[in-house]
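Working notes for the structure below.
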Amino acid sequence: MGAYESRKLAIPETHPEHEEYWEAAAEGNLILKHCDSCGEYHYYPRELCPFCKSDKTTWKGAKGTGTIYTYSVMRKGGQYAIAFVTLDEGPRMMTNIVDCDLNGLHIDQRVKVVFKQSGNQDNPGPFVPCFTPIL
Amino acid sequence: MTIKGRAYIAGAFEHPIRKAPDMSVSTIHAECARGALADAGLSFADVDGYFCAGDAPGGVQSMVDYLGLDVRHVDGTDTGGSSYIAHVSHAAQAIISGACNVALITMGGRPRSEGRSGVKQKMVGANVPDSPFEFPYGPTAVNEYAMATMRHMYEYGTTSEQLAWVKVAASHHASFNPDALLRDVVTVDDVLSSPMIADPLHRLDCCVVSDGGGAIVVVSPEIAKSLKRPLIRVMGAGESIKGLLGGKADITYSGGVWSGAAAFAEAGVKPQDIKYASIYDSFTITVLMQLEDLGFCNKGEGGKFVADGNLISGVGKLPINTDGGGLNNNHPSSRGGMVKLIEAVRQLRGEAHPKVQVSNCDLALVHGTGGGLASRHGSATLILERV
Ligand SMILES: [Zn+2]
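If you're matching them up, the sequences are chains W and A in order.
Mapping of the first sequence onto full-length UniProt numbering: position 63 corresponds to residue 63, and the numbering continues sequentially without gaps.
Mapping of the second sequence onto full-length UniProt numbering: position 54 corresponds to residue 54, and the numbering continues sequentially without gaps.
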């Protein structure tokens, strides 16, 4: 009952200011918006820093590792694990936990990023960052 | 400018329908409007302010036209299921400023007939800034609230048994409500043995999906005193929006910490003074966390607070949702705020079912959370007094 099953990820709507994010994802890299004014990372990415409202925000490469802040395994209508992962850079992001026994998940578990392509073969979308436990 | 004591709820109506395959949403709104105005002893011609949220087809433009209203003030604020609680406070502000004297607030919907449910992917519109970074992961109403539950359990030791007591109380109250969708009294074991929907929330931790609606009429003090209904005075209100705070949010609390504090401060009362509370119950966790956030108990102690029947009228310290709430009675349009208002009005008027009526109920609180507990939500708190 806990085995990971591949599922179709909905294709995200893309906005011009996120082009770099999706390009990096296609190459297997997670990048984050960093504010050069206050020094904080934020997620999801924005042009204006949500903390100090500066427009001096730039993309920076993330380590791609973090810990599970919370999660839930959907048991009805297709099993999958949704989660918030606290990245080692600080911010939390919504994601899916994949490629593992979903019954073995727990809060504070160490995880690393893996990318899954959204959509399907006929209509492929961007790669999106998911996470899997670090063994 | 305080709203304290400067506006009154004069009319309330809850549509008895729970499954409406043969009615349009606008018809439900219209029937609720007629019911609430009749309850107040007013007519459509008296209405000079109109309020509705995202469930109203076509918003204020279509609804004012459809209802044939002649209004000089409208407000289409939408903070999800908490909207109508905020509307009462906005109506009070409008009345004080002279923008209107008789404010009509309507809501209605038919998610059950339309086949919507809390396990389906949320609908998102174009250009919503957060959706590209959430939509692919399959957030639904249930798994978002489940994530908040999981973290609350982890930090505070909250248990599924404690959450189940919220449902037990709701089912006890609903057993006296002939209109309630679910009327069977359930036990803690019944909740725990119901199917898991999204860990750790069971089916019986989730509210019903129902059709229906309701309406409220808010009026100036002069008009309230000219009517033959009990006087229900607006004493304090608060509202807030809580999001993910750039990725730094603690999801074990809700925006109720801000809306609640504002409402209590304006009313000049404390949680211990409240005789009855309508607490938004989209899920059992929603109630537990909001009771903490509103100050009925300390953060992390909601589990102990809700256990052993403490929310059951006549049994526990804080009777809530004596109509059966969203967990058992109805959750029209998947927006519970309107029904929460209506049961608080019934309690303050002494018109609740005798088996659940709180004796000498002169001070009540209404609180709603609309949206996602683990992402973005609007909170609204209202404190009402029977004069
Ligand atoms: Zn900044």
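Think of the CB as a built atom: it goes at the ideal place given N, C-alpha and C, for glycine as much as any other residue.
Could you check the C-alpha separation between residue i and residue j for me, to the nearest Å?
i        : j        : result
A/VAL102 : A/ASN360 : 28 Å
A/ILE95  : A/VAL217 : 12 Å
A/SER43  : A/SER278 : 28 Å
A/ILE241 : A/ALA7   : 24 Å
A/THR252 : W/CYS38  : 26 Å
A/VAL60  : A/TYR66  : 10 Å
A/ALA380 : A/ALA148 : 19 Å
A/SER171 : A/PRO195 : 18 Å
A/TRP165 : A/ALA307 : 5 Å
A/LEU311 : A/PHE176 : 15 Å
A/ALA10  : A/HIS87  : 14 Å
A/ARG233 : W/PRO129 : 52 Å
A/VAL74  : A/GLY49  : 6 Å
A/PRO178 : A/CYS206 : 21 Å
A/SER259 : A/GLY81  : 15 Å
A/GLY58  : A/LYS19  : 22 Å
A/THR187 : A/GLY118 : 23 Å
A/GLU31  : A/PHE51  : 15 Å
A/ASP70  : A/MET63  : 11 Å
A/LEU231 : A/PRO221 : 9 Å
A/PRO136 : A/THR77  : 28 Å
A/GLY125 : A/ALA12  : 32 Å
A/LEU294 : W/GLN117 : 43 Å
W/LEU48  : A/GLY35  : 48 Å
W/PRO45  : A/LEU244 : 12 Å
A/GLU134 : W/LYS33  : 16 Å
W/TYR41  : W/PRO91  : 7 Å
Which partner residues of residue i appear in the DSSP bridge assignment?
i        : result
A/SER379 : A/SER240, A/THR369
W/THR101 : In the sequence as presented, Thr is not what sits at residue 101 of chain W; that position holds Asp. BP columns for W/ASP101 point to W/ALA3.
W/LEU72  : Note on identity: in this sequence residue 72 of chain W is Ser, with Leu being the wrong assignment. W/ILE82.
A/GLU14  : A/GLY214
W/PRO124 : W/GLY119
W/LYS33  : W/HIS42, W/TRP59
A/GLY49  : A/HIS73, A/ALA103
W/LYS112 : W/THR65, W/THR132
W/LEU87  : W/GLY66
A/ILE28  : Answer is none; A/ILE28 lacks a bridge partner.
W/LEU48  : Beta-bridge pairing links W/LEU48 to no other residue.
A/MET1   : A/MET1 is not bridged to any residue.
A/CYS206 : A/PHE283
A/ILE9   : A/VAL218, A/ILE232
Run the CB neighbour count on residue i, radius 10 Å, all protein chains shown included, and call it buried at 16 or more, exposed below.
i                      : result
W/MET94                : buried
W/THR58                : exposed
A/MET153               : buried
W/ASP99                : exposed
A/ARG72                : exposed
A/SER210               : buried
A/SER193               : exposed
A/LYS340               : buried
A/PRO200               : buried
W/LYS60                : exposed
residue 388 of chain A : A question about residue 388 of chain A goes unanswered here, because the residues of chain A that appear run from 1 up to 387.
W/LEU135               : exposed
A/GLN162               : buried
A/SER254               : buried
A/ASP55                : buried
A/SER97                : exposed
A/PRO319               : buried
W/GLY78                : exposed
A/GLY214               : buried
A/ASN127               : exposed
Check your understanding: the UniProt domain "Thiolase C-terminal" (248-384) of chain A: which residues have C-beta closer than 8 Å to a C-beta of chain W, in chain order?
Key -> LYS248, ALA249, ILE251, ALA374, SER375
Exercise for review: With 7 Å as the limit, tell me which residues of the region 132-161 of chain A have their beta carbon closer than that to any beta carbon of chain W; keep them in chain order.
Suggested key: PRO132, PHE133, GLU134, PHE135, PRO136, TYR137, GLY138, PRO139, ASN143, ALA146, MET147, MET150, ARG151, TYR154
Check your understanding: If you scan the region 209-236 of chain A from start to end, which runs of the beta strand (DSSP E) of 3 or more residues do you find wholly inside it?
Key -> 212-219
Review point. Any residues in the region 7-33 of chain W with a beta carbon nearer than 8 Å to a beta carbon of chain A? Which ones, in chain order?
Key: ARG7, LEU9, ALA10, ILE11, PRO12, GLU13, THR14, HIS15, HIS18
Exercise for review: Note down, in chain order, all residues in the region 190-209 of chain A with a beta-carbon under 9 Å from any beta-carbon belonging to chain W.
Suggested key: PRO195, MET196, ILE197, ALA198, ASP199, PRO200, LEU201, ARG203
Review point. What are the complete beta strand (DSSP E) segments, minimum 3 residues, inside the UniProt domain "Thiolase C-terminal" (248-384) of chain A?
Key: 276-279, 363-371
Practice item. With 9 Å as the limit, tell me which residues of the region 107-119 of chain W have their beta carbon closer than that to any beta carbon of chain A; keep them in chain order. Key: ILE107, ASP108, LYS116, SER118
Practice item. Would you list, in sequence order, the uninterrupted alpha helix (DSSP H) runs of no fewer than 4 residues that lie entirely inside the region 133-195 of chain A? Key: 141-156, 160-174, 188-193
**Study point:** Minimum length 3: unbroken beta strand (DSSP E) runs contained in the region 52-123 of chain A
**Key:** 73-75, 102-109
Review point. Got a sec: which bits of the region 56-85 of chain A sit with their beta carbon under 9 Å from any beta carbon on chain W, in order along the chain?
Key: none
Exercise for review: Closer than 7 Å, Cβ to Cβ, to anything on chain A: give me those residues from the region 70-82 of chain W, in chain order.
Suggested key: THR70, TYR71, SER72, VAL73, MET74, ARG75, LYS76, GLY77, TYR80, ILE82
Check your understanding: Listed in chain order, which residues of the region 118-132 of chain W have Cβ atoms closer than 7 Å to some Cβ of chain A?
Key -> SER118, VAL128
**Study point:** Near-chain A residues of the region 40-53 of chain W (beta-carbon distance less than 9 Å), N- to C-terminal order
**Key:** GLU40, TYR41, HIS42, TYR43, TYR44, PRO45, ARG46, CYS49, PRO50, PHE51
Exercise for review: Mind checking the region 81-112 of chain A against chain W and listing, in chain order, the residues whose C-beta falls within less than 8 Å of any C-beta there?
Suggested key: none
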